[in-house]
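Numbering (this note's numbering), first residue to last: 69 to 293. Have a look at the structure below, then the notes.
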Ligand SMILES: [Ca+2]
């Protein structure tokens with residue numbers, strides 16, 4: 069039994085690449101949520117072309133060495149978004165975005181305007197908990213550098229949430245012939261207390277996505293997973 073338990077422990081501790089880390093905002097340390105994310109759905113432009121190794125699953129998979137990359141042939145899209153939930157409710161105080169591994173080559177793929185929404189229960193209405201526009205606030209721009217973190221805080225939030233939506237309305241600009249969005253990773257941080265059981269990452273996301281609805285803009289298409 070001890071051998072089995074040791075094996076299982078080794079297996080669990082080898083899942084994912086998350087480590088217990090903190091993010092310091094204004095002198096206060098917040099804990100990066102390491103309990104795992106499950107993707108619920110996403111919206112991409114109808115004309116998008118995504119490399120099989122750069123799918124939406126890469127956005128919250130625990131690895132900064134891969135990215136979600138949505139290649140578009142035109143700028144006429146309104147929304148790229150992804151919905152996911154945490155394994156346990158948390159009180160988000162901010163998040164870390166990580167640029168893609170080739171951002172120095174493709175300098176315009178970072179988001180330009182984006183919002184974060186949250187809700188406690190699936191049936192709740194979304195609440196906007198963060199909004200960024202780098203034209204209005206240039207300091208919010210992600211680095212034009214490969215695999216680089218940038219921290220965004222929303223420390224005034226005191227509400228507990230479990231469901232999250234990251235929504236991009238625009239990207240920095242045209243890269244070559246494409247209007248392409250990419251990010252390597254998003255990590256929430258907050259004040260929720262985690263236990264050891266939740267330090268493993270859940271990566272069981274189906275690749276068998278099927279479209280369920282069109283948004284108000286007919287060129288965007290939504291998928292549940
Ligand atoms: Ca990733």
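Glycine is no exception: its CB is placed at the ideal position from the N, C-alpha and C atoms. In this text the structure is predicted, and so the values were computed from the model without any measurement.
- Item | Where residue 242 sits in the DSSP three-state scheme | coil
- Task: For residue 256, I'd like the list of residues in its chain whose CB is within less than 6 angstroms of its CB, leaving aside the five on either flank, ordered along the chain.
- Result: 101, 160 and 163
- Message: Rounded to the nearest angstrom, what separates residue 218 and residue 191 at their Cα positions?
- Response: 31 angstroms
- Task: Look at the alpha carbon of residue 196 and the alpha carbon of residue 245, and state the distance between them as a whole number of angstroms.
- Result: 33 angstroms
- Coarse secondary structure for residue 174, derived from DSSP in three states: coil
- Task: Using beta-carbon positions only, say whether residue 93 and residue 223 come within less than 8 angstroms of one another.
- Result: yes
- Task: Would you mind listing the beta strand (DSSP E) stretches within the region 102-141 that are 3+ residues and don't spill past its ends, in chain order?
- Result: 105-113 and 136-138
- Message: Once the 5 residues before and after residue 243 are set aside, which same chain residues still bring their CB inside 6 angstroms of it?
- Response: 174, 176 and 177
- DSSP state of residue 192, grouped into three classes? coil
- Task: May I ask which residues mark the beginning and end of the beta strand (DSSP E) holding residue 182?
- Result: 179-187
- Opening and closing residue of the beta strand (DSSP E) in which residue 95 lies: Element bounds for residue 95: n/a, residue is neither H nor E.
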